[in-house]
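In what follows, a single structure is set out as structure tokens and then discussed.
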Amino acid sequence: MDLTTTVLIVGAGGGGAVLGIALARKGIANLVLEQAPGPPQGLRGEILQPNGQALLHNLGLLKTLPAEASKPVRLFNFLRCGGERLCTIDYGMLPAPFNQALVMWPNVVHHTILDCLQMENPNGLKYQGTFQSFLLEDNKIVGVQAEIEGKPVQIRAKVVVGADGPFSQVREAMGISASIHRYKESYLVAALDTTSELNEGQYFVGRQTILSLFPAAGKKVYALYMVSSDSLVRLKAQGVAPLREEWKGIAPEFGELFDEFVDWKQTAYMGTGRVRAKTWVVDHAVLIGDAAHGMNPHASQGRMQAMVDAVSLADVLEDCERSQDWSADSLKPFERARRSQVTMLQQLADEEVFFWNTGNPILGMLRDRVFRTMDGNRRLQYQVLSATAGLRSTAPFGWIDRFQAAGFLPDPQADQIPIHTQPN
Ligand SMILES: Cc1cc2nc3c(=O)[nH]c(=O)nc-3n(C[C@H](O)[C@H](O)[C@H](O)COP(=O)(O)OP(=O)(O)OC[C@H]3O[C@@H](n4cnc5c(N)ncnc54)[C@H](O)[C@@H]3O)c2cc1C
């Protein structure tokens with residue numbers, strides 16, 4: 005079987021599925037290959053940041069998210085293990101209407117996007133469709149060799165998009181070198197039921213310890229607990245009881261909630277990594293999302309950035325279609341538009357890994373000082389929050405800000421945040 009399309013997208017994850025929708029709406033023929041047999045089902049934490057909400061709103065999808073699966077959260081408290089509050093971050097200071105985080109039930113956002121893709125382009129998504137290699141003619145990429153439902157297929161395309169995640173095979177086939185960093189610390193995610201409604205996020209930090217609690221709809225709470233990759237087996241061998249007691253020590257106020265944790269089946273493990281691809285484009289092929297720039301979850305922006313890539317690339321591909329030029333030069337405006345924000349977010353997330361995950365008491369003390377300063381300094385709080393919310397591309401802190409945040413310099417503008425025009 006041979007197929008022909010204009011844009012062949014490998015991977016129906018956060019980036020690929022949105023790209024399929026955006027291209028279909030521009031009338032550009034596309035096909036999405038997804039190696040999985042169907043939509044994802046596993047447990048995972050999912051926070052829709054303001055930029056992700058705005059993007060889904062623009063695609064007409066925000067209002068179609070099931071209300072019963074979505075919980076708006078405005079306040080996130082940072083506390084020391086044991087319960088002493090350090091800082092409260094208030095999303096309310098961001099421009100309305102997206103001045104809150106939306107904590108979603110697992111996979112709901114993605115299923116909504118996939119449903120939309122299948123509506124916009126009924127035959128455009130092939131599950132059990134696996135990229136294997138590029139089709140080449142005179143050394144030029146003219147499509148892919150794939151397998152769909154176990155059968156070999158040649159798909160001809162003007163351009164191939166690698167939206168196939170951090171271990172991208174498309175990136176490898178493009179011959180692009182990438183540095184892939186695996187962080188020592190990853191996360192155990194647990195979905196717990198609560199009897200009393202929790203409305204604020206809680207983020208406990210201590211010596212090499214992070215436990216965060218995100219309230220979700222339907223009286224559910226997601227707990228994310230930092231574990232080193234090599235400690236998971238030992239942790240599981242001990243059974244759930246010692247971990248439950250550990251959590252009670254970190255967050256004593258939530259003892260009742262942790263009593264709900266009785267089985268490892270309530271948990272999932274989430275590995276963490278960072279990808280830095282040297283370039284994202286070659287003639288007739290381009291990378292988006294984690295394949296180009298996977299980042300640590302501290303950024304809370306992985307899915308958002310993959311979606312923003314998709315919408316941005318769709319505009320560039322429209323220009324390519326118009327000019328019938330699919331060269332690296334024509335694709336490059338996409339990379340130029342996107343690199344600064346993802347690089348900034350990767351750096352911000354790495355700084356957070358350095359200070360938040362630390363076991364070093366001096367770094368821990370500095371971290372706590374910064375949180376305490378931010379609690380009373382709306383300007384610095386806004387700078388960091390607007391980065392996490394996906395609303396800026398430049399670094400939130402310069403050197404003077406850093407000294408002010410650590411409490412070594414006064415900040416005469418501590419109360420000043422940008423004034424936003426409220427939309428009608
Ligand atoms: C457990 C977990 C929790 C997370 N929570 C959050 C969060 O709360 N907020 C957030 O913003 N980000 C979160 N992230 C990160 C976020 O999921 C990713 O950054 C985002 O999904 C990247 O989108 P993507 O499209 O680039 O890649 P992915 O979503 O990874 O999609 C890649 C797709 O390509 C497919 N694929 C791979 N190889 C092939 C092949 N050869 N042929 C065909 N298909 C292929 C895969 O099956 C997959 O569906 C989380 C990640 C994990 C693992």
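Sequential numbering from 5 applies to the sequence shown in the working numbering. Backbone N, C-alpha and C define an ideal beta-carbon position, used for all residues, glycine too.
Check, Outcome
"Distance, residue 367 Cα to residue 97 Cα", "28 Å"
"Neighbourhood of residue 288 by C-beta, 6 Å cutoff - its chain only, sequence neighbours within 5 removed", "145, 163 and 330"
"Alpha-carbon spacing of residue 203 relative to residue 238, whole angstroms", "33 Å"
"Contact under 8 Å by Cβ, residue 350 with residue 297", "yes"
"CA nearest to the CA of residue 10, picked from 113, 385, 391 and 148", "148"
"Limits of the unbroken beta strand (DSSP E) element including residue 34", "34-38"
"Cut-off 6 Å between Cβ atoms - residues of its own chain near residue 409, not counting five sequence neighbours on either side", "374, 377 and 384"
"Proximity to residue 345 [Cα-Cα], best of 55, 333 and 121", "55"
"Three-pair Cβ contact test at 8 Å for the stretch 68-87 versus the stretch 192-208", "yes"
"Any non-hydrogen atom of ligand 1 closer than 7 Å to residue 37 Cβ", "yes"
"Cut-off 7 Å between Cβ atoms - residues of its own chain near residue 152, not counting five sequence neighbours on either side", "130, 132 and 133"
"Simplified DSSP state of residue 194, which is helix, strand or coil", "strand"
"DSSP-derived helix/strand/coil call for residue 271", "strand"
"Beta carbon of residue 295 nearer than 8 Å to that of residue 348", "no"
"CA-to-CA distance, residue 59 to residue 427, given in whole angstroms", "Bear in mind that a pLDDT of 43 at residue 427, under 50, signals an unreliable position, so the model cannot answer this."
"Candidates 404, 394 and 380: closest to residue 418 by CA position", "380"
"Endpoints, beta strand (DSSP E) assigned at residue 187", "Unbroken run through residue 187: none, as it is neither H nor E."
"For residue 167 and residue 194, the rounded distance between their alpha carbons", "28 Å"
"Separation of residue 264 from residue 339, as counted between CA atoms", "46 Å"
"Per-residue DSSP class, three states only, for residue 426", "In this prediction, residue 426 scores a pLDDT of 46, lower than 50, which makes its location untrustworthy; the coordinate-derived value is nonetheless stated afterwards. Residue 426 falls in the coil class under three-state DSSP."
"Residue of 246, 401 and 110 minimising C-alpha distance to residue 47", "110"
"Check whether residue 52 and residue 105 have beta carbons under 8 Å apart", "yes"
"Buried versus exposed, by CB contacts within 10 Å (16 or more), residue 256", "exposed"
"beta-carbon residue 350 near ligand 1 non-hydrogen atom, thresh 7 Å", "no"
"Where residue 6 sits in the DSSP three-state scheme", "strand"
"Spatial neighbours of residue 359 in its chain, beta-carbon cut-off 7 Å, leaving aside the 5 residues before and after", "367, 370 and 371"
"Backbone CA spacing between residue 212 and residue 19 [nearest angstrom]", "32 Å"
"Inter-stretch contact at 8 Å, needing at least 3 Cβ pairs: the stretch 23-39 / the stretch 85-95", "no"
"Residue span of the alpha helix (DSSP H) that contains residue 325, given as start and end", "306-327"
"Residue range of the beta strand (DSSP E) that includes residue 91", "89-94"
"Any non-hydrogen atom of ligand 1 within 7 Å of residue 119 CB", "no"
"Residues near residue 172 by beta carbon distance below 7 Å, same chain, minus five either side", "166, 291 and 295"
"Cα-Cα separation between residue 115 and residue 34, rounded to whole angstroms", "19 Å"
"Secondary structure of residue 29, DSSP reduced to three states", "helix"
"Sequence ranges, beta strand (DSSP E) only - wholly within the stretch 58-83, length at least 3", "74-77"
"Continuous beta strand (DSSP E) stretch holding residue 216: start and end", "213-220"
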